[in-house]
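Single-structure report; data block below.
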Amino acid sequence: MRVNSARDGAWPRWPAMFVLVFLLAVATAGAQVPAGTPDDVGMSAERLERIGEMIQRAIDAKQISGAVTVVARRGRVAHFEARGLMNIEANAPMRKDAIFPIASMTKPVTAVAILILVEEGKVRLSDPVSRFIPEFKDTKVAMPRSDAAGEEGDIYTVPAKREVTVHDLITHTSGLGSRGAAREATARIAPRDPTGTVADWAAALGAAPLGFHPGTRWAYSALAGIDTLGRIVEVASGLTFDEFLRLRVFEPLGMKDTAFDVAEDKKQRVVTLYIRTPDGLELRQKLPEWLATTTLHGGAGGLWSTAEDYLQFAQMLVNGGELNGTRLLGSRTVELMGSNHVGDLYEKARSPGMGFGLAVDVVLDGVAARGDHRSTGSFGWGGAFGTSYWVDPREDLTAVLMVQTPGGPLRVDFQNAVMQAIVD
């Protein structure tokens, strides 16, 4: 995290054309969240050291191989640290600029893309998906059959009580690709072909039965629902989804290492993935197809990023849609994103004290949300390989955890280590 400044207020006498090129480069490169000191932002330097200590304990216990952690408050970075190894076999130390697969941390980025188009009047959250993908016009709902013994068998379908909307997809209340009676039928009718495109898959999903009537339940749609939002971005904007993210989100925010495909000259910074076993960490032999694809760039997963890059995105949210003079969203739109949209459906499905916003979980009651250390009003999400982030508007804080091994208590321990360091 570096802040550049002229010395003694004197600028060299460069040719006018060089100055113009320099200024244009600065304007388009995006700005980083500046570094600060813990004292300046109401945090304890001594207590912030507990984040690293917590990470080291997890490394020593062979729960993870390494991690990058970053915390910012009041618009300044108070903690930024890399620990452990990014590759055990090569004994390669973790780098602050290590590139991680962020999996479902792609989903909040997709939500921002949709909200940009909402603000421009090109998409409404209330729009039926069929406005953009005609195959969703006559969706059906899967109903399980039961045999005489009461055991579930095959399914039959009934017409959905209403069409699936953009809001249903972004809040996981659509029933598309969720667990339940329709899951097997969806895999059969609309298999996700990693050699295809999100346009192909979204069209096929229109014929897949829903797991329940839209808006009646909360059930996580790991790929199908939010991938479909990626296709809606394409139709509404006229750009491919990866192009839209690059031009409208990543470049404006200076997220130089975030993309669906890692450039060849950056691959040496990609972490090695591991799985946790009773005998310790083992190398993950193969990337899942949804990550390995180079053509199906959907909204649900697949992005690669760094801790510093994702901090730019999160800081934009905690700032109410703006970062260092670059505004992606209006402040009220960010409030909408981080508000509960599903009543008590998420509480019933997941956890007391919690709600769900637009592709993010929301802490409704920090006391009732047992096992969660974030403040009331915080929102964020995590990824399948253990990464996570959250935004805390009340504390003007955001935190990012990058790891390459899923599972375990690390996310909650990270929350605790961050929040206990606030001392004002």
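According to our numbering, the sequence shown is numbered sequentially starting from 29. C-beta: ideal position from N, C-alpha, C; glycine also.
Checklist entry - Taking all protein chains shown into account, do 16 or more other C-beta atoms lie within 10 angstroms of the C-beta of Lys189, making it buried, or fewer, making it exposed? => result exposed
Item to check | Residue(s) in a DSSP beta bridge with Leu351 | outcome: Thr354
Item to check | Run of the alpha helix (DSSP H) containing Arg75, from where it starts to where it stops | outcome: Ala73 to Asp88
Checklist entry - Going by the CB atoms, is the gap between Leu331 and Thr256 shorter than 8 Å? => result no
Checklist entry - Among Trp229, Ile87 and Arg104, which residue has its Cα nearest to the Cα of Asp67? => result Arg104
Next on the checklist: What does DSSP give as the partner residue(s) for Leu113 in the beta ladder?
Outcome noted: Pro121
Checklist entry - Among Val96, Gly112, Asp393 and Asp389, which has the Cα closest to the Cα of Ser132? => result Asp389
Next on the checklist: Buried or exposed for Ala89, going by 16 or more other Cβ atoms inside 10 Å?
Outcome noted: exposed
Checklist entry - What are the partner residues of Thr97, as DSSP defines its beta bridges? => result Glu109 and Leu429
Checklist entry - Does the Cβ-Cβ distance between Gly329 and Thr134 come in under 8 Å? => result yes
Checklist entry - Taking the DSSP output, what are the residues bridged to Ser333? => result DSSP lists Phe128 as the bridge partner or partners of Ser333.
Checklist entry - Whose C-beta lies closer than 8 Å to the C-beta of Met171 among residues of the same chain, with five residues either side of it excluded? => result Ile183, Tyr184, Thr185, Val186 and Ala209
Checklist entry - In the DSSP assignment, what are the bridge partners of Met171? => result Under the DSSP definition of a beta bridge, Met171 partners with Tyr184.
Next on the checklist: I'd like to know if the region 235–250 and the region 369–383 are in contact, where contact means that at least 3 CB-CB pairs between them fall below 8 Å.
Outcome noted: yes
Next on the checklist: Would you call the region 221–237 in contact with the region 308–324, where contact means no fewer than 3 C-beta pairs closer than 8 Å?
Outcome noted: yes
Item to check | For Ser416, the residue or residues it bridges with in DSSP | outcome: Gly410 and Leu429
Checklist entry - Where does Leu52 sit, in a helix, a strand or coil, going by DSSP? => result With a pLDDT of only 36 at Leu52, under 50, the local geometry of the prediction cannot be trusted, and the value read off the model is given with reservation. It is helical.
Checklist entry - Given that a residue counts as buried once 16 or more other Cβ atoms are within 10 Å of its Cβ, and exposed if not, what is Val194? => result buried
Checklist entry - Does DSSP classify Ile303 as helix, strand or coil? => result strand
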